[in-house]
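Below: the structure, in structure tokens.
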Amino acid sequence: MAALIIDCKSIAKNIREELKVKIRQYEDKNGQKLCLATIIVGGDPASVSYVRNKEKVCIEAGLKSITYELPESTSEKELLDLIKKLNDDETVHGILVQVPLPKHIDEDKIANAIAVNKDVDCFNPINAGKLYRGERCLMPCTPKGILRILKEMQIEIKGARAAVVGRSNIVGKPVAALMLHNDATVTICHSKTKNLKDILLESDIVISAVGKPKLITADMIKEGAVVIDAGTTLVEEKLVGDVDFENVVKKASMITPVPGGVGSMTTTMLIENVLEAAGIYG
Ligand code: GUN
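Take a look at the structure:
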């Protein structure tokens with residue numbers, strides 16, 4: 026039987042409606058808007074498109090959004106100075122630096138510079154450390170969104186075998202940690218993993234976040250597994266996931282599409298994180 030295609034857009038929309046109410050309440054009470062500052066360096070088309078989309082979604086939710094589109098030639102010092110200015114600006118609640126950054130800028134230095142309490146992407150190692158220890162912190166948006174999807178769909182995480190494909194700091198590693206904190210038995214797979222297929226065939230939940238179209242094929246998926254596709258690759262101006270959707274859909278029990286899947290939850294969790302950065306929790 027074909028999988029249930031998880032309606033992430035609808036889950037995201039419902040959450041955003043609740044967040045909008047809280048955003049309005051904040052504005053009424055404080056006489057100012059909650060504000061996200063986003064920085065993008067260089068004109069990578071995929072990054073520009075993601076940032077524009079984030080901005081649109083934030084504004085629709087009632088946030089103020091300031092985007093700094095800096096040229097590729099921006100120095101590390103100039104970027105650090107801007108981050109310091111935003112850290113000190115009381116009217117800015119969240120700071121997001123889009124990655125990848127140009128090669129001459131050290132992403133670790135930038136991550137360290139973002140104020141812990143405004144770090145809506147969980148880039149700062151203090152937040153990342155808290156995340157891995159299971160302490161309360163601003164959680165990275167895509168992993169947080171994936172966990173929310175699994176919970177909304179009442180998918181049993183406790184005791185499940187979960188495979189995470191991809192080991193990025195922004196999705197793979199943190200989503201593996203969150204799955205572990207929710208009592209899954211987690212295997213992290215990456216480009217050097219031997220027998221990827223064997224590992225995936227044993228997995229009840231497969232989360233892919235690599236950015237390689239059709240990496241996950243139907244023969245790798247256990248009958249009835251839940252498949253979450255967090256891959257995003259722009260192919261001829263279209264967003265494509267990691268999963269061979271047309272064939273995997275016939276084998277999985279539930280699957281997220283691309284587009285209209287995890288991405289809509291990422292932006293929704295970003296809005297939620299701006300609220301959390303301002304001390305407002307759900
Ligand atoms: N680049 C790709 N995805 C993301 C994301 O979620 N946040 C940031 N800051 N950069 C990204």
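With my numbering applied, the sequence shown covers 26 to 307. Backbone N, C-alpha and C define an ideal beta-carbon position, used for all residues, glycine too.
> Using DSSP with H/G/I as helix, E/B as strand and the rest coil, what is Asp144?
Replying inline: strand
> Going by the CB atoms, is the gap between Val265 and Thr258 shorter than 9 Å?
Replying inline: yes
> Taking Cβ positions, are Asn194 and Lys143 nearer each other than 9 Å?
Replying inline: no
> Which same chain residues, not among the five before or five after Gly191, have their C-beta less than 6 Å away from its C-beta?
Replying inline: Gly197, Ala234, Val235
>> Considering only the alpha carbon of each residue, which of Ile174, Lys237, Lys275, Val260 lies closest to Ala250?
In response: Lys275
>> With a threshold of 8 Å on Cβ separation, who are the neighbours of His129 within its own chain once the five nearest residues in sequence on each side are excluded?
In response: Ser100, Glu101
> On the premise that Val260 lies in contact with Pro238, defined as a C-beta separation below 8 Å, what is that separation, rounded to the nearest angstrom?
Replying inline: 6 Å
> Which whole runs of the alpha helix (DSSP H) in the region 188 to 232 are 4 residues long or more, in chain order?
Replying inline: 197 to 206, 221 to 226
> For Asn333, is the classification buried or exposed, using 16 other Cβ atoms within 10 angstroms of its Cβ as the cut-off for buried?
Replying inline: Because the chain spans 26 through 307 in this model, residue 333 falls outside it and cannot be assessed.
>> Given this structure, state the Cα-to-Cα distance separating Gly68 from Glu97, to the nearest angstrom.
In response: 7 Å
>> Let me check you understand the geometry: is the CB of Thr258 closer than 8 Å to at least one non-hydrogen atom of ligand 1?
In response: no
> Hey, Ala302 and Leu163: beta-carbon distance below 9 Å or not?
Replying inline: yes
> Quick one: is the Cβ of Asp144 within less than 8 Å of any heavy atom of ligand 1?
Replying inline: no
>> If you follow the beta strand (DSSP E) that Leu264 is in, where does it begin and where does it stop?
In response: 263 to 265
> Measuring from the CB of Tyr157, is there a heavy atom of ligand 1 at a distance below 8 Å?
Replying inline: no
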